[in-house]
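These protein sequence lines map, in sequence, to chains A and B.
Heads up: the first sequence is residues 1 to 153, going by the working numbering.
Heads up: the second sequence is residues 154 to 656, going by the working numbering.
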Amino acid sequence: MRGLIRLRNPQDLFAGLFLVAVAILAHYFASDLSMGRLVRMGPGYLPTVLSWLLGGLGLIIALRGFTIDGPALAAWAWRPLIALSASLIAFALLLERGGLVIAIIVTTQVASLATPHHRPLSTFLLGVVLSAMSAALFIGLLGLPLTIWPDFG
Amino acid sequence: MEALVSNLALGFSVAATLSNLTFCLIGALLGTLIGVLPGIGPLATVAMLLPITFNLPPDGALIMLAGIYYGAQYGGSTTAVLLNVPGESSSVVTALDGYAMAQQGRAGAALAIAAIGSFFAGCAATVGIAVVGPPLASIAQQFGAAEYFSLMLFGLIGAVVMASGSVIKAVSMIVLGLLLGLVGQDVTSGASRFTFGLPELSDGIGFVAVAMGLFGLAEIMTNLERSQGRSEADGTVMPVHSLMPTKADLMTCIGPILRGTLVGSFLGILPGGGAVLASFSAYTLEKKLAKDPSRFGKGAIEGVASPESANNAAAQASFIPLLTLGIPSNPVMALMIGAMTIQGITPGPQVMVKQPELFWGMIASMWLGNLMLVIINLPLVGIWVQLLKVPYRLLFPAIIVFCAIGIYSLNNSPVDVLFTALFGLLGYLFVKLGFEAAPLLLGFILGPMMEENLRRALQISRGNLMTFVDRPISLGLLLATAGLLVIVILPSIRRGREEIFVE
């Protein structure tokens, strides 16, 4: 019994604070919507009620950070996190402008940066194989309206 | 009885058409293909393969999705036995004795008994659905808005109670899911909620983006994180020699398969039950019943037969609340609801009445799907073994590409791909903060339906909240929900008190 307040469960503290933050945002963005009454609920009724509920739960969880022992905050693996998100963003940006082949080759290269064992050449071959397969499967067989090559016209 | 036979006959006439058989086969194959990949469970598999079914006719789409689900589960067991990497929590127990058997050179027997057990369980559960379905649906047809609201609340809380981990965190995930489900145009008033002026959000957040991000993408991220320290070779795949189990094996397994099927069918119906709980309970039961419990974990074939039967029975039985009540008992069923909604089907008791060919066709296809799994998987086991040898550094970029194309193809919208990335990040954040994403998905899917029923119930009762308590079925469901909550919260209160006393 050293101090009265001691952080014992950092994971829960941050988890709770995260929920409280989301609840405050939700409450703010729901505040323009009309509440209505129980008999005829407006569009804002449930969002407001749920944001209060979420905020309350978040507060309890955050307080548990000081009452119940729990795990520390785990370290983040930034590498896969950034590489995979970036690969999807690249795909979203490239598909319509650059066509399927370029989108796939860039996406696989960016995604494979997620592991330190990546090998650009074999990933490139993978991209080529995947492009051919996707073109045959999604455009040839399923008839999706995708372009294969960039449109230079 | 007569009705049962004629219903099943109708079902088989739908399911046995060439196109539906093909969808079922493709689903089972694709499900196994993805499910066999280490670290990717049925939920992630179904989430990632959802888009390919959306251009199909409704019955074909649902038949294929169901096939993907069993295929994924079966694939997970293969990985558990051969690689000791359970792809999902329901095959954790299979890995215990399955991998031990593989080390003794009996991988083939383990895989075969898993297939036989699953097939038997699948057959039994299919008949179970056909028997239990109609009476349940006819009860549910009398439900009004108040009963539906209470039922959904019960389903949500039930799912949380069964899930492992912290109850309060799971409940907050439900609330967050409900909030996310409200995004988009309000059906009643037409007002835009949380759309931030983005036209892409006016129909709500796409559930495929949510599911694929939270489960598919986040799962790959955590897999990569786990393997970062490790070198290239992930582990050795056990060789498969003979597939035939001995006669003695078969005789030992009759009891475990029967018991596993019973346990699984029962637990599968309960909200939050499903495959995980079923396989754990079945394994524990066998261990208790065994004359020599010490054999378990060292390659006891009962330790494979029973949980595998149980998880397949449970997977199938979890379709009962989905098809008769429109309530998902686990996150995979929540995805099925999403898929049904996209196909223009409102899940619930009216499906059986209005679209009997869809309902019974799906049930018949479950049986056919299980048969196909036995037929395709045992001979194809060699291919799955080869697949397990492909290095992960080549597998995951390929998975990402297929996910991206799939999600784009839903609405031909790059924004959906961006949302998937966003939910992938969110899913990773949840893992780090100790949240489970499954309750969020359930809340997200049920949210709009709950709001609709809540509003309608209160409109009918002229704003009187007592309507939920005055109606007996609704009251019963609410009491059951409260009971569940009390059961789970009590021990943690006690534990909390003990902690304080220790201080």
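Note that beta-carbon positions come from the ideal geometry of N, C-alpha and C, so glycine has one too.
Quantities reported herein were computed from a predicted structural model and do not represent experimental measurements.
Under the three-state reduction of DSSP output, serine 462/B falls in the helix class. The beta-carbon of histidine 117/A is placed less than 7 angstroms from the nearest beta-carbon of chain B. Excluding its 5 nearest sequence neighbours in each direction, valine 504/B has C-beta neighbours in its own chain below 6 angstroms: Phe512, listed in chain order.
Among the residues of chain A, those whose CB is under 7 angstroms from the CB of isoleucine 558/B are Ser134 and Phe138, following chain order.
Under a criterion of Cβ atoms nearer than 7 angstroms, the residues of chain A adjacent to arginine 546/B are, in order, Ser112, Thr115, His117 and His118. When CB distances to chain B are screened at a threshold of 8 angstroms, the residues of the stretch 3–27 of chain A falling below it are Gln11, Asp12, Phe14, Ala15, Phe18, Leu19, Val22 and Ala26, in chain order. Against chain A, the CB of alanine 312/B has no partner CB under 7 angstroms away; the residue lies outside that interface. With a beta-carbon spacing of about 11 angstroms, leucine 333/B and phenylalanine 572/B fall beyond the 8 angstroms limit used to define contacts. For the C-beta of methionine 374/B, the chain A residues within less than 7 angstroms are, from N- to C-terminus, Pro80, Leu81 and Leu84.
Three or more beta-carbon pairs separated by less than 8 angstroms link the stretch 226–246 of chain B to the stretch 191–200 of chain B, which places the two stretches in contact. In this structure proline 484/B is in contact with leucine 595/B, their Cβ atoms being roughly 6 angstroms apart against a cut-off of 8 angstroms. Under the 7 angstroms criterion on CB atoms, glutamate 604/B is classed as interfacial with respect to chain A. The beta carbon of leucine 63/A lies closer than 8 angstroms to those of Gly16 in the same chain, with the five residues before and after it left out.
Alanine 574/B is not a Cβ neighbour of leucine 113/A, given a cutoff of 7 angstroms. For the stretch 567–580 of chain B, the set of residues with a beta-carbon nearer than 7 angstroms to any beta-carbon of chain A comprises Pro567, Val570, Leu571, Thr573, Ala574, Gly577 and Leu578, in chain order.
For serine 31/A, the closest Cβ of chain B is not nearer than 7 angstroms. Not a single CB atom of chain A sits nearer than 7 angstroms to the CB of alanine 214/B. Residue Ile105/A holds the alpha-carbon nearest to the alpha-carbon of isoleucine 148/A among His118/A, Arg119/A, Ser122/A and Ile105/A.
For isoleucine 553/B, the nearest CB of chain A lies under 7 angstroms from its own CB, placing it at the interface with that chain. Alanine 21/A sits away from threonine 48/A, with the two beta carbons spaced by 7 angstroms or more.
Short of 7 angstroms from the beta carbon of alanine 283/B, and not among the five residues preceding or following it, lie these beta carbons of its own chain, in chain order: Leu157, Asn160, Leu161 and Ile516. When C-beta distances to chain B are compared with 7 angstroms, the residues of the stretch 31–47 of chain A below that value are Leu33, Arg37, Leu38, Val39, Arg40, Met41, Gly42, Pro43, Leu46 and Pro47, in chain order. The continuous alpha helix (DSSP H) containing aspartate 569/B extends over residues 567–586. Beta-bridge partners assigned by DSSP to glutamine 338/B: Ser345/B. Here tryptophan 520/B is buried. Its C-beta has 16 or more other C-beta atoms within 10 Å. Contact between glycine 270/B and glutamate 461/B is confirmed by a C-beta separation of about 5 angstroms, below the 8 angstroms threshold. Per the coordinates, the alpha-carbon of alanine 197/B lies some 30 angstroms from the alpha-carbon of histidine 394/B.
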